[in-house]
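With UniProt numbering, letter number 44 in the sequence shown gets 44, and the count goes up by one each step, no holes. Data first, discussion second: the structure below is written as structure tokens.
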Amino acid sequence: MKSEITGITRANEGIQGISWNILGQTYVPKSYAEHSFSWHATLPPGTFVPPHIHPDQDEYLYMLEGKLDFMLGNSEAQATTGDLIRLGMGVPHGIFNKSEQTAKVLFWVSPSRKLYELFWGLHNMKEQKPEDVVAMAAEFNIHFLPPPPGG
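Below is the structure:
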């Protein structure tokens, strides 16, 4: 069981100085315990998180800067600075930065499951080819879906 460690994770730093490059985005882990895992994400214009499902995790995003477009189940939505996005277990979702500015977001999932380990695996891939990312994610119970029309 991984318990939370009391302390402060400084601005612009990840726990233990960790920073991951995943699909052209920068993820910096802020906290990690069995019940919850959080990270700061920087999503440059034109980047996206392909549609996927977390069958056994709730996911949350708090918009710190910018604007993102979302596929949420069968609908589309936009979120801007100050908005909280709630993604329940098993709900298909995708995240797209279609704007001209970088978006900064605080993400967290509950429970953590194996997402932290998946991020290490993706970061360490020599080349993040879509088919390899999809295959690795499935091993960690994150299931990617086909992109939405026009996505």
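Ideal Cβ positions, reconstructed from N, Cα and C, are used throughout, including at glycine. Only a predicted model underlies this, so the values are computations on that prediction, with no experimental measurement involved.
When DSSP states are grouped into helix, strand and coil, residue 65 belongs to the strand group. In the assembly as shown, residue 81 is an exposed residue. Its beta-carbon has fewer than 16 other beta-carbons within 10 Å.
Taking the Cα positions, residue 7 is about 30 Å away from residue 137. According to DSSP, residue 72 shares a beta bridge with 75 and 93. Considering only 56, 112, 104 and 133, the residue with the shortest C-alpha distance to residue 121 is 133. Partner residues in the beta bridge of residue 53, as assigned by DSSP, are 143.
In the same chain as residue 58, and ignoring 5 residues on each side of it, the C-beta atoms closer than 8 Å to its own belong to 86, 87, 88, 89, 109 and 110, in chain order.
Nearest to residue 30 by C-alpha distance, out of 79, 21 and 16, is 16. Counting the other CB atoms within 10 Å of its CB gives residue 50 a total of 16 or more, which places it among the buried residues. Residue 55 and residue 100 have their C-alpha atoms spaced approximately 32 Å apart.
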